[in-house]
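K.L.:
Numbering (the numbering used here), first residue to last: 732 to 2397. We put the beta carbon where it would ideally sit given N, CA and C, even for glycine.
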């Protein structure tokens, strides 16, 4: 700052200068930026309007509320003016990941703050990176002010819930910003009435100065809401604060008060030193700030000029600024006579004393334009000053003329050089410094001294980019549609003349290093503004990087000698990348200072320096390797990077080796040749040599080697080789200095050994792939420290390719993702040797010439970034262009929607997309008789279902009907959004469909004759056709490149007949429904193109109801059917399954174009979501002119079983898994089941109300359905009243689904897989009859469909390839049960007999393996293995175990086969467990296992054999091995026992008991293995207390249960188990009941608690063991 602007008499300022680096602003009249604010000021606009007469008033408030309050007050209509937003601020809830309920329950001020905060942070260049800068979120503070509670103050007006607290507590204003942006510094919400925003900024400045935070966002917000607005207006009016005629009139004679306004302003701040160092764009610098109380002794809200003077003088003093240097004051200026007088007097007393006449003080106030925004008024004033700084102009004072000046102020203007201007003018000052005043009615006065930022950030003298090569640019958004809009905004912005003044390097820096990164993105490279525009217009490929994708890793491979020679000092990277330059200079400095490398060998110094410089450059950019692989010479650089060698020692050894080669090997006639042929074939030829001595020098890959020999031997070998393998490739390497890795370097080894012995070698700090050993060497591997390692490396075969293969193999075994590969060198020859995985990258990092350095590195960088690598773009720019600064960029285009919390009394809604009305509207009914032709063309699961396209047509026809006359002008197009399928509609003779619209909304519903059931809901919009076509055109360039796969040989081409023969497996389309003529399916199965001539060749009126004559459903079918075809003919659909539409995110159709085109070309693509239970896709259609005319985006199709779909259609349910309370069709249903159903119904009702859903699907987590943290608390409080017995366990997990919640809440779980009969008269001990199974809820065909009253959760698919039939085929081809013959030589019970009377549903249930029983992610999963009956159904009766529980049925159950042996079952189930962990629980490497009876036996065997998999074991009434054994004769009698019932599930279970008894007790290896192989995991044992006594009707051989008759399990278990496994036995716990009754209603609670206790004991021991 120039010396004349400093007050030399002032003390050293205690106030540290604070830089304002970002700003976001909202105000009335559409003010949403500094530009729109400036337009309002210079055009002298006023945004004040009379509430009673303006239509905006009618939309926002209930006039009756005002009439009731202001009744009897004279001229009240003339009093009530305000500067309000045109519409209540909306919210992009999708961007902020808010549920519908959370968005509706949020205070409107919080919604506004989120968006303005985002814009302020974007303007500041905040990216959220935890990089240790001042912008690190861990030290980012938030300070927000509000003046009045413009929220719901009377809870009686609303359905008060948990969100009432969030809405009404002011602390949530700052808390919401912290939460949604992850800011973890100090946070507070303040209230000093109208001075709130300057107080919040003052608090932030103090925190920055003291180090409480390193960056802060601060400001204020004020919004008037419908309910509390009238009350606050009334109170302020009665206090006499409001102007009687309208707008604020600062300094004018007719000012009688202020006019209320709405607004929000937030600024982002840093210490000035941090902002300068980190390249921020500085809007202004706060030099001083002071807040004091100015309350009058007479009245708290009366302004006091003397006290204001004290505050202003203090602010100026601590700023160190000469008062005369302050040339502008943005006054508080509310327009009240006393307030203006007090403020002007204080300004004159401090700033105008001794002021030169030619240096007048200009005063202004924007309240004459935008009103008084109360808590936000201070940031409005600050925003005005920042806009003035940017333009170096002073705007006029609204409505000012000297003749209108308040007479009480005239003496001050006459006495002092102070003025108010009526016309815009330049701000002519050597230094622009201003004061901002902001006062509060509670008595606070605040003044801020602020200086323009350009003083501290001069443009002159800045370094220009070091080269004019292309720079990187990235644009990202949360979804594809927003990304397209954002690209369009960037193109328009870049074309503006003012943008050309911004350095391209600054734009690159801001777009890559100073923006939030979202999942959908594009990246380009450009070298000029227009080049960037062109690249964006070309629509580069869009990257869909999931927000939660795992960051990729990279490995470096270092080139060897023999490539193109590049002096790194000539590379374009030299003097461009500081890290590259420093590293290269260091190599040359070290080598030259000690003469380590001779001048004749400078090529090796150049190669070493190039590779070392590239490594340092990549590391500085955030690309750090996980493994290092060097090819021959390259391994020296790899060892340096791994810390084994220093740069000096590596160069020393290379220099010595090169000198020895020159001295001893130049006369040795050794040469090298590259051979492209499989290694095995080359080895055969080498072994068959007779007259030649060719050696294998390098194994580059499995198909490429390098050989060495004399020129003559090589030529002879080549000829012999080509005789045997004519296709082999041979290339003589003439540029090698010696034939390395062969006998030709033998002369140097002795001397080279001496040199190696003198070098100090260190443990490796990274994984090194050893070319000498051909394997991966982990960190610290001692072999790399052996002094003869490099000697052997010089002489022996280099097995680079073998080392790569070993590394890739180990990654597969460890289930570690394969890294991408980056070649470090001057070519890309080495990475060509690597065979990558499907999506692996292989990239060069430098071109073959010096001029290709930056271009090649930049291309590799952007490809790595696009693939998911974490790139530190801030360091990239600091490395290549340290003078880059942040600059303006287009802001994120939010998709704002209103979200209102439902009031008990009616409140007028805001305007909608369709013409408003206050009543529900109906379209004419469409009878099913007219719909029949459409339904007959769409048959699914045997039912004529109304296709989704008919619903779309009905919705669009309704939108046309409801549209206003102005909306119906010209050619129209139609949009539907948020379309959801609630229930299907099937054909009935007297049925009908009808569209109705809810009052004053765009929300449409399709209802039917079935008690007005809602079938479809959606939001409709009518728009101009041209507008829609322009927006759709943005997608075309992204889609058309995919057309190329149509012409690939791998693409499946299906003509109409074949296509529909495939499709008819799931959907049977009639002749008029077959609208696709040809389909091209990509090799990956997730993309397809279709061709349809239906639009041009069909009668569009044929079979179409008259109501839909302009919206033919079959025409619409022609442009969207392909997505259903693609999913339903893919490998993701198994037999017996179908994909059914249940949601449509967005549908846009230019319907007239569809009627006019002769044909359409359709592109469809999809991905699997929700754990593979649904597909989510898009489908686009082009007309015969190549114009995109329709788009169906975010089409969600749920995958379900056909039989489930049939049941749902029968019941009229939504086509997805919907919760229904199953009542068992049996006279023996217990009262417990009824209790379950009652609680289930209540829980479901609570959830439906809380989440605002008509049904609760099971295939989604509660979080996905909208259960946020606060709703979970609210629901939990309600559920505690319903289920007090579960309060000790009640933790609602948003990651769980409804099934897990109901299991958590039920008082007594439903029973078991084995039924119970009544007690005997002689004893209270329960007895068992296995002949009936009343305990399971049974469908008509006998399948258990519910678990504890809820449909069973989706079973996980069978792990392919794990189960193989064990039985040998009989003569008739039917497999036998384990191939065991009967006494008469025939095979036992063929599987066809066993399953003869089992329903397909039951077969599906028992074949789902493994199956999820309880879902609660986090803790170690529990795997429960089937009992002797082969099923895991018993475990469904267990209560909540607070972890995921998986059940395993016997894989051979449905085929009538038991386990082969305990040993075999342990191996098979271990494979199943590993596959489950890999697919469903990637965060877990081990499981807890257990099981009832036989399940415990198998669990113990698994623990003994697989300690790497099993973390611990819990057995449930499992006999210890060897306690009871069967003779061979007994085992055979078990197997041959006659059955009284051999059909259905009963026969399968009995057969399992026989087979598994024989397998487990007749084979002695179980006890042997348990004794010999120590069980090295914790074990907990549960035992039944009572012995077992069978009933007379028990239809089983006695041998299957004799081991339960002879003793009480608990009597012998502890002694026996202790003897077998020793201290690993943590406990034995008794459980009420006998073996068969542990899972009955009377005992299952105790069994659950014992099991849970055992699991907790095991986990405690594991935690202690570490």
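Within the continuous alpha helix (DSSP H) that includes residue 1036, where are the two ends?
P.N.:
1036–1050
K.L.:
Thinking just about the alpha-carbon of each residue, which of 1114, 1898, 1843 is nearest to the one in residue 1854?
P.N.:
1898
K.L.:
According to the Cβ coordinates, are residue 2306 and residue 2235 closer than 7 Å?
P.N.:
Cβ distance < 7 Å, so residue 2306 and residue 2235 count as in contact.
K.L.:
Where does residue 1806 fall in DSSP's three states?
P.N.:
coil
K.L.:
Using the Cα positions of residue 2378 and residue 2368, report the straight-line distance between them to the nearest angstrom.
P.N.:
10 Å
K.L.:
Is the beta carbon of residue 1267 less than 7 Å from the beta carbon of residue 1238?
P.N.:
Contact flag unset, no.
K.L.:
Below 8 Å, how does it come out for the segment 1336–1354 and the segment 1459–1479: are there three or more Cβ pairs, yes or no?
P.N.:
no
K.L.:
Kindly identify the DSSP beta-bridge partner or partners of residue 1734.
P.N.:
1750
K.L.:
Could you check how far apart the C-beta atoms of residue 1261 and residue 1311 are, in whole angstroms? I think they sit under 8 Å.
P.N.:
In fact, because the Cβ distance is near 29 Å, the residues do not count as touching under 8 Å.
K.L.:
Could you please give the first and the last residue of the uninterrupted alpha helix (DSSP H) stretch that includes residue 1121?
P.N.:
In the DSSP annotation of this structure, the continuous segment of the alpha helix (DSSP H) that includes residue 1121 starts and ends at 1108–1122.
K.L.:
Return the CA-CA distance between residue 2180 and residue 2164, expressed in angstroms with no decimal places.
P.N.:
Computed Cα separation, rounded: 8 Å.
K.L.:
In the DSSP assignment, what residue or residues form a beta bridge with residue 1894?
P.N.:
1820, 1911
K.L.:
Taking residue 1872 as the reference, give the member of 1884, 1928, 1839, 1818 with the closest Cα.
P.N.:
1928
K.L.:
Cα separation between residue 2391 and residue 2223?
P.N.:
23 Å
K.L.:
Helix, strand or coil, according to DSSP, for residue 2006 in the structure here?
P.N.:
Residue state, collapsed to three classes: helix.
K.L.:
Please classify residue 1866: is it buried, with 16 or more other beta-carbons within 10 angstroms of its beta-carbon, or exposed?
P.N.:
exposed
K.L.:
Assuming contact is defined by CB atoms lying nearer than 7 Å, are residue 999 and residue 855 in contact in what I supplied?
P.N.:
Yes, these two residues count as a Cβ contact at 7 Å.
K.L.:
Out of 1570, 2140, 1423, which has the shortest C-alpha to C-alpha gap to residue 1815?
P.N.:
1570
K.L.:
If the criterion is Cβ atoms closer than 7 Å, does the pair residue 1375 and residue 1492 meet it?
P.N.:
yes
K.L.:
Relative to the C-alpha of residue 1004, which residue among 1068, 1313, 939, 950 is closest?
P.N.:
939
K.L.:
Taking only three categories from DSSP, how would you classify residue 792?
P.N.:
Correct three-state label for residue 792: coil.
K.L.:
What number of angstroms, rounded off, separates the C-alpha of residue 1061 from the C-alpha of residue 1357?
P.N.:
57 Å
K.L.:
Where do the N-terminal and C-terminal ends of the beta strand (DSSP E) with residue 1147 fall, by residue?
P.N.:
For residue 1147, no beta strand (DSSP E) encloses it, and the DSSP letter there is neither H nor E.
K.L.:
My understanding is that residue 925 touches residue 1171, with C-beta atoms under 8 Å, so please give their C-beta distance in whole angstroms.
P.N.:
5 Å
K.L.:
Going by the beta-carbon positions, is the gap between residue 812 and residue 990 smaller than 7 Å?
P.N.:
yes
K.L.:
As an exercise, report each continuous alpha helix (DSSP H) stretch of at least 4 residues that is fully enclosed by the segment 1357–1405, in chain order.
P.N.:
1365–1372, 1378–1395
K.L.:
Could you give the distance in angstroms between the alpha-carbon of residue 1560 and the alpha-carbon of residue 2183?
P.N.:
53 Å
K.L.:
So, for residue 831: in the same chain, excluding its five sequence neighbours on each side, which residues have a beta-carbon less than 8 Å away from its beta-carbon?
P.N.:
824, 1630, 1983, 1997
K.L.:
For the segment 1501–1519 and the segment 1403–1413, state whether three or more C-beta atom pairs, one from each stretch, are separated by less than 8 Å.
P.N.:
no
K.L.:
Thinking C-beta only, is residue 1046 closer than 7 Å to residue 1178?
P.N.:
yes
K.L.:
Taking residue 2031 as the reference, which of 1992, 1391, 2007, 1881 has the closest Cα?
P.N.:
Nearest option by C-alpha distance: 1992.
K.L.:
Determine the direct distance from the alpha carbon of residue 963 to that of residue 884, and round the result to whole angstroms.
P.N.:
Model confidence at residue 884 stands at a pLDDT of 46, short of 50, so the residue's coordinates are unreliable and nothing is read from them.
K.L.:
So, with DSSP's three-state summary, where would you put residue 2348?
P.N.:
helix
K.L.:
Starting from residue 1061 and walking both ways along the beta strand (DSSP E), at which residues does that stretch end?
P.N.:
1059–1061
K.L.:
Runs of 4 residues minimum, wholly inside the segment 809–884: which ones carry the alpha helix (DSSP H) assignment?
P.N.:
Taken in chain order, the complete alpha helix (DSSP H) segments of 4 or more residues contained in the segment 809–884 are 831–836, 839–855.
K.L.:
So, are the CB atoms of residue 2176 and residue 2241 less than 7 Å apart?
P.N.:
no
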